[in-house]
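Asker: Just so you know, the protein sequences line up as chains A and B, in that order. According to our numbering, the first sequence is numbered sequentially starting from 1. According to our numbering, the second sequence is numbered sequentially starting from 1. We treat Cβ as the ideally placed atom computed from N, Cα and C, and that holds for glycine. Predicted model only: the values in this text are computed from it and were never measured.
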Amino acid sequence: MNAPEDATLLQAVARRDEAAFAELYDRLSRPVFSLIVRVLRSRAEAEEVLQEAFWQVWERARDYRVELGSPFCWVVTIARRKAIDRLRANARHLRRIEEAQGLRTEEDSTAPAGLDVLAADERGTAVRAALAKINLEERRAIALAFFDGLTHDEIARALDQPVGTIKARIRRGLLKLKPVLARLRQVEPG
Amino acid sequence: MSVKKTPRIRRATSPSCAFGDPLDESTARLALLAPVAPAPSPAVKEALLARIRASQGGAGSPSRPGIERSSHSGRLGEPAPPWAAWRFGSLAGNEGWVRLPFPGVRMREISVDAARDTALVYIEMEPGAIFPDHDHSSAERGIVLTGDFEMGGRLLRAGEFYEAAAGTRHERIASPAGCTGLLWVGAAAWGGWRKAMAAAAAQR
Numbered sequence: 001m002n003a004p005e006d007a008t009l010l011q012a013v014a015r016r017d018e019a020a021f022a023e024l025y026d027r028l029s030r031p032v033f034s035l036i037v038r039v040l041r042s043r044a045e046a047e048e049v050l051q052e053a054f055w056q057v058w059e060r061a062r063d064y065r066v067e068l069g070s071p072f073c074w075v076v077t078i079a080r081r082k083a084i085d086r087l088r089a090n091a092r093h094l095r096r097i098e099e100a101q102g103l104r105t106e107e108d109s110t111a112p113a114g115l116d117v118l119a120a121d122e123r124g125t126a127v128r129a130a131l132a133k134i135n136l137e138e139r140r141a142i143a144l145a146f147f148d149g150l151t152h153d154e155i156a157r158a159l160d161q162p163v164g165t166i167k168a169r170i171r172r173g174l175l176k177l178k179p180v181l182a183r184l185r186q187v188e189p190g
Numbered sequence: 001m002s003v004k005k006t007p008r009i010r011r012a013t014s015p016s017c018a019f020g021d022p023l024d025e026s027t028a029r030l031a032l033l034a035p036v037a038p039a040p041s042p043a044v045k046e047a048l049l050a051r052i053r054a055s056q057g058g059a060g061s062p063s064r065p066g067i068e069r070s071s072h073s074g075r076l077g078e079p080a081p082p083w084a085a086w087r088f089g090s091l092a093g094n095e096g097w098v099r100l101p102f103p104g105v106r107m108r109e110i111s112v113d114a115a116r117d118t119a120l121v122y123i124e125m126e127p128g129a130i131f132p133d134h135d136h137s138s139a140e141r142g143i144v145l146t147g148d149f150e151m152g153g154r155l156l157r158a159g160e161f162y163e164a165a166a167g168t169r170h171e172r173i174a175s176p177a178g179c180t181g182l183l184w185v186g187a188a189a190w191g192g193w194r195k196a197m198a199a200a201a202a203q204r
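1. Kindly give me the distance between the Cβ atoms of serine 29 (chain A) and proline 35 (chain B), rounded to whole angstroms, as I take these residues to be in contact under 8 Å.
2. Provide the residue(s) that pair with glutamate 109 (chain B) in DSSP beta bridges, ordered along the chain.
3. What separation, rounded to the nearest whole angstrom, lies between the Cα atoms of leucine 144 (chain A) and alanine 168 (chain A)?
4. How many Å lie between arginine 171 (chain A) and phenylalanine 54 (chain A) at the Cα?
5. Looking at the C-beta of glutamine 56 (chain B), does it have a partner C-beta in chain C at a distance below 9 Å?
6. Check for me: the beta strand (DSSP E) holding serine 175 (chain B) runs from which residue to which?
7. Name, please, each residue of chain A whose Cβ falls closer than 7 Å to the Cβ of aspartate 21 (chain B).
8. List the residues that DSSP assigns as beta-bridge partners of aspartate 148 (chain B).
9. What residue range does the beta strand (DSSP E) around proline 185 (chain B) cover?
10. Quick one: what does DSSP say histidine 136 (chain B) is sitting in, helix, strand or coil?
11. CB-CB under 6 Å to glycine 167 (chain B), same chain, minus the five flanking residues each way: which ones, in chain order?
12. Which of the three DSSP states, helix, strand or coil, is assigned to arginine 30 (chain A)?
13. My understanding is that alanine 14 (chain A) touches alanine 61 (chain A), with C-beta atoms under 8 Å, so please give their C-beta distance in whole angstroms.
14. Out of curiosity, what's the CA-to-CA distance linking tyrosine 162 (chain B) and glycine 142 (chain B)?
15. Taking the continuous alpha helix (DSSP H) assigned at isoleucine 52 (chain B), which residues delimit it?
16. Could you pull out every residue in the same chain whose Cβ sits closer than 7 Å to the Cβ of leucine 156 (chain B), ignoring the five residues on either side in sequence?
17. Any Cβ of chain A within less than 9 Å of the Cβ of threonine 168 (chain B)?
18. Are any of the Cβ atoms in chain A nearer than 9 Å to that of valine 44 (chain B)?
19. Report the option in A:Asp148, A:Glu59, A:Ala156, A:Ala182 whose CA atom is closest to the CA atom of leucine 87 (chain A).
20. Looking only at DSSP bridge pairs, what is phenylalanine 131 (chain B) linked to?
21. Between the beta-carbon of aspartate 76 (chain A) and the beta-carbon of arginine 29 (chain B), is there less than 9 Å?
22. What residues from the segment 47–69 of chain A come within 7 Å of chain B, judged by C-beta to C-beta, listed N to C?
23. Could you work out which residues of chain A lie near serine 41 (chain B), taking near to mean beta carbons separated by less than 8 Å?
24. Does the segment 100–107 of chain B come into contact with the segment 120–132 of chain B, if we say contact requires no fewer than three beta-carbon pairs (one atom in each stretch) closer than 8 Å?
25. Measure from the C-beta of isoleucine 155 (chain A) to each C-beta in chain B and report whether the shortest distance is under 9 Å.
26. If we count the other Cβ atoms within 10 Å of its Cβ and call it buried at 16 or more, is aspartate 116 (chain A) buried or exposed?
27. According to DSSP, threonine 77 (chain A) sits in a beta bridge with which residue or residues?
28. Report yes or no: is there a C-beta of chain B within less than 9 Å of the C-beta of proline 31 (chain A)?
29. Give the DSSP-derived three-state secondary structure of tyrosine 162 (chain B) in the structure shown.
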């Protein structure tokens, strides 16, 4: 990740520099698109949301401040919010809750497609190392919160656990992941 | 506009979502753990760049009237891409909304093709709003995008559509929960109706 350069590009976008926007899109769209596809599980819909998100980047670039974090962080915030808004707008998140309820008794870490698994493990040692840092319960809670946009209460009800337990799992998992995440590149090879 | 603006839908993800906005740096980087998806279609980027050019060449930039290519160095002189003449619009703002003589209903003309005698119109009804009896000189097709409305003795919900033949009379249309929808009507019929509505609204 090259934060200063991304920030420079974003500042140029704020000055309505179309070439800078195109460059920033080339740099960030791939990981952002992967996130949106993971949230919505629909490639076609994810492309719509990707377009909406980057349009907002163009329109609101002047609101970006370095203090808010990296441009990647800022764009992810925008894209994830749009994806989750869409997921919740037609109550599709309820299906995610039902799926999570099905996990209550699931002890097998290889279980269900896409819900509790944060990433396919074929992506490389960096991601495998990140995931190895946290246990299955922490992975599930983080994935349900981050990728499925569920609230602490919804996760707690779905997994039949106290809200405090869910919050603690998320907090603990994030703390363990933090140093590994900081070393991850935006786009893994392959 | 005499019709009250429909309140914006409350943001569903905040503040109750487990991760609020804005995300902190390490939380945002969880995105990197998503399974890598194949690259998005190049059409997404093309559409964005076309939209940017259209917006820069639009009303906000009087020195470049109409839709033009960006003035970025290295691009001038190239043949105009197919999307250079596309038209982009938004439901935001007050332009294009039709004044209606009855409350709680807003209609916005999206496109009119006189040559093919078609018009695409967006309609928005507040909960409980009523669209009075009216005649159709052209055929009308409609689809409910959100909410519901009563028509032809049934309650149509989001995703449901209808087709009404030309020359038929429509009884009053009510929307118990409020709705948004798209209507395809004849361009000439729409133009006449629109003028009549504006005149009736002006008299009120």
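Answerer: Based on what the coordinates show:
1. By one-based count along the first sequence, residue 29 (chain A) stands at place 29. By one-based count along the second sequence, residue 35 (chain B) stands at place 35. Not confirmed; about 16 Å, so no contact.
2. Translated into positions along the second sequence, residue 109 (chain B) becomes position 109. In DSSP, glutamate 109 (chain B) forms a bridge with B:Val121.
3. Residue 144 (chain A) sits at position 144 when you count from the first residue of the first sequence. Residue 168 (chain A) sits at position 168 when you count from the first residue of the first sequence. Straight-line measurement puts the Cα of alanine 168 (chain A) at about 14 Å from the Cα of leucine 144 (chain A).
4. Locating residue 171 (chain A) in the first sequence gives position 171, where the first residue counts as 1. Locating residue 54 (chain A) in the first sequence gives position 54, where the first residue counts as 1. About 30 Å.
5. Among the protein chains in the structure shown, which are A and B, there is no chain C.
6. Taking the second sequence and counting its residues from 1, one reaches residue 175 (chain B) at position 175. Note, serine 175 (chain B): beta strand (DSSP E), 173–175.
7. Counting from one through the second sequence, the residue named residue 21 (chain B) turns up at place 21. By Cβ distance, chain A contributes Thr77, Arg81.
8. Residue 148 (chain B) sits at position 148 when you count from the first residue of the second sequence. In the DSSP assignment, aspartate 148 (chain B) forms a beta bridge with B:Arg157.
9. Start at 1 with the first residue of the second sequence, and residue 185 (chain B) comes out as number 185. Correcting the residue identity first, residue 185 (chain B) is valine in this sequence and not proline. Start and end: 179–185.
10. Translated into the one-based positions of the second sequence, residue 136 (chain B) becomes position 136. In this structure, histidine 136 (chain B) counts as coil in the three-state DSSP scheme.
11. Within the second sequence, residue 167 (chain B) is the residue found at index 167, counting from 1. Taken in chain order, the list of residues that qualify is empty.
12. For the purposes of this step, residue 30 (chain A) is taken as the residue at position 30 of the first sequence. Of the three classes helix, strand and coil, the one that applies to arginine 30 (chain A) here is helix, per DSSP.
13. In the first sequence, counting from the first residue as 1, residue 14 (chain A) sits at position 14. In the first sequence, counting from the first residue as 1, residue 61 (chain A) sits at position 61. 4 Å between Cβ atoms; contact.
14. Here residue 162 (chain B) refers to the residue found at position 162 of the second sequence. Here residue 142 (chain B) refers to the residue found at position 142 of the second sequence. In a straight line, the C-alpha of tyrosine 162 (chain B) is about 5 Å away from that of glycine 142 (chain B).
15. As a position in the second sequence, residue 52 (chain B) is number 52, starting the count at 1. Note, isoleucine 52 (chain B): alpha helix (DSSP H), 42–56.
16. Position 156 of the second sequence, counting from 1, holds the residue named residue 156 (chain B). Only Val144, Asp148, Phe149, Tyr162 meet the Cβ criterion.
17. Your numbering for residue 168 (chain B) matches position 168 in the second sequence. Under the Cβ distance rule, threonine 168 (chain B) does not count among the residues neighbouring chain A, no pair being separated by less than 9 Å.
18. Position 44 of the second sequence holds residue 44 (chain B). So yes, valine 44 (chain B) belongs to the interface.
19. Working through the first sequence from its first residue, we reach residue 87 (chain A) at position 87. That would be A:Asp148, whose Cα lies nearest to the Cα of leucine 87 (chain A).
20. Walking along the second sequence from the start, residue 131 (chain B) turns up at place 131. In DSSP, phenylalanine 131 (chain B) forms a bridge with B:Ile173.
21. As a working mapping, residue 76 (chain A) is identified with position 76 in the first sequence. As a working mapping, residue 29 (chain B) is identified with position 29 in the second sequence. It should be pointed out that residue 76 (chain A) corresponds to valine in this sequence rather than to aspartate. A contact, by the Cβ cut-off of 9 Å.
22. Glu47, Leu50, Gln51, Phe54, Trp55, Trp58, Leu68, Gly69
23. Counted from its first residue, the second sequence places residue 41 (chain B) at position 41. Neighbours of serine 41 (chain B) on chain A, chain order: Glu47.
24. With a cut-off of 8 Å, the segment 120–132 of chain B and the segment 100–107 of chain B count as touching, because enough Cβ pairs lie within range.
25. Along the first sequence, one-based indexing puts residue 155 (chain A) at 155. Yes, contact with chain B.
26. Indexing the first sequence from 1 puts residue 116 (chain A) at position 116. Confidence is the limiting factor: at aspartate 116 (chain A) the pLDDT is only 41, short of 50, which leaves the residue's position unreliable and the question unanswerable from this model.
27. Here the question's residue 77 (chain A) lines up with position 77 in the first sequence. The partner list for threonine 77 (chain A) (beta bridge, DSSP) is empty, contrary to what the question assumes.
28. Position 31 of the first sequence holds residue 31 (chain A). Interface residue, yes.
29. Position 162 of the second sequence holds residue 162 (chain B). Reduced to three states, the DSSP call for tyrosine 162 (chain B) is strand.
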